[in-house]
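Down below is the structure, laid out as structure tokens.
2 protein chains.
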Amino acid sequence: MEHLKTGELAKRAGVNVETLRFYERKGLLPVPPRRESGYREYPAESVRLIQFIKRAQELGFSLGEIRELLALRVQAGTTCADVRERAEHKIDDVRQKIADLRAIERALQKLTATCIGSGPLSECPILENLDGELGSGLVQPRSRQQER
Amino acid sequence: MEHLKTGELAKRAGVNVETLRFYERKGLLPVPPRRESGYREYPAESVRLIQFIKRAQELGFSLGEIRELLALRVQAGTTCADVRERAEHKIDDVRQKIADLRAIERALQKLTATCIGSGPLSECPILENLDGELGSGLVQPRSRQQER
DNA sequence: GTAAACCCCGTACCTAAGTACGGAGTCAAG
DNA sequence: CTTGACTCCGTACTTAGGTACGGGGTTTAC
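From first to last, the protein sequence lines are chains D and W.
Sequential numbering of the first sequence, starting at 37, is according to the numbering used here.
Sequential numbering of the second sequence, starting at 37, is according to the numbering used here.
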């Protein structure tokens, strides 16, 4: 089997059928070919694409940003230099996210390391180290953009 | 100066005044003391707290999850073991996010590395490497939870 | 060849996370 | 001691990201 109907794709990717239509409208999912009946026929790779979208969302990318990420793939009428630059921008973004997550990870680790595992919370003094650690890693406000 | 009024806090933290009230209602921001007039008086540290919330959001945590993260600080009536366990859970989450972001970073890097910097996109073959790389790092569907 | 299970589409509805509004009280600078 | 800026609160609106509905056509499994 090479192409999937909406229902199959939705099931495999773990999303709602309506979500597929929604993504298509939003330009995240390339419009698939249709059979005469009007039924969509998705290539099997669409599963990964959708899973990527879902995961990217959980990493804090908006659908708009995800569209931009995906746009780094194809798209005619752009120069390679252009793509390259956009990609470099994204890399900076991603690295900042990683750095911030690591700060959170460290703070949480400090927590578990000091918190031996019994007794009431009042005897667990590290429970204040969190926000000293966090909140750094903040750069500029990072304008919550939104395009299209 | 030791305490801030809503407007000052909002400005320093870079959010809307209404957002503060909103966070307070949602239990993210501890309810501050008031002067007789009813005006809120926030401690100066609230700035960091709010910035943390904002940043955590950009890393893909929902307000509910952020509340949980913050709850790892104080809160009576819980044992240390309990806190420890929740923290370990969060650490797993965070590590998975980091791993996924790294996969994205690698994919983007591959892009910039191969894409030399000029010529039309059609001559830029790497623009397909993206989704091979991505979409891995996916574990289980990671139930999009939502509590409270 | 017909019923159950799918798919189509447009439109309406929902939740999370804010934002705005507006009437009334408060503060502080002149 | 007043005026402009700020605060209060409740309620309503908005935007992003879906979800649901429902009337009608299509497929597929008996």
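Virtual Cβ for every residue (Gly too), placed ideally from N, Cα, C.
The structure displayed is predicted, hence computed values, not measured ones.
1) So W:Leu108 and W:Ala123 are supposed to be a Cβ contact under 8 Å. How far apart are they, rounded?
2) Could you work out which residues of chain W lie near D:Leu45, taking near to mean beta carbons separated by less than 7 Å?
3) Measure the CB-CB distance between D:Val51 and D:Gly43 and report whether it falls below 7 Å.
4) So for D:Leu85, helix, strand or coil by DSSP?
5) Which same chain residues end up closer than 6 Å to W:Tyr59 when comparing Cβ atoms and leaving out the 5 residues on each side of it in sequence?
6) Just mark D:Tyr78 as buried or exposed, buried being the case when its beta carbon has 16 or more other beta carbons within 10 Å.
7) Along the chain, where does the alpha helix (DSSP H) containing D:Gly43 start, and where does it finish?
8) Determine the contact status of D:Glu101 and W:Gly96, defining contact as a CB-CB distance below 7 Å.
9) Would you mind stating whether D:Gln87 and D:Ala49 have Cβ atoms separated by less than 7 Å?
10) With a threshold of 6 Å on Cβ separation, who are the neighbours of D:Val36 within its own chain once the five nearest residues in sequence on each side are excluded?
11) Does the CB of W:Lys146 have a neighbour CB from chain D at under 7 Å?
12) Could you pull the DSSP bridge partners for W:Arg70 from this structure?
13) Give me the chain W residues within the contact set of D:Lys133, using Cβ-Cβ distance strictly less than 7 Å, ordered along the chain.
14) Using a C-beta cutoff of 7 Å, does D:Ala149 count as contacting chain W?
The short version:
1) 6 Å
2) Going along chain W, no residue has its Cβ under 7 Å from D:Leu45, so there is no contact; the nearest lies around 14 Å.
3) no
4) helix
5) Leu65
6) buried
7) Annotation for D:Gly43: the continuous alpha helix (DSSP H) segment containing it runs 42-49.
8) With contacts defined as CB atoms closer than 7 Å, D:Glu101 and W:Gly96 fail to qualify as a contacting pair.
9) D:Gln87 places its beta carbon less than 7 Å from that of D:Ala49.
10) Outside the shown range of chain D, which is 37 to 184, sits residue 36 of chain D, and nothing can be said about it.
11) no
12) Residue pairing by DSSP places W:Arg70 opposite W:Arg76 in a beta bridge.
13) Leu95, Leu137
14) It does not; no Cβ of chain W falls within 7 Å.
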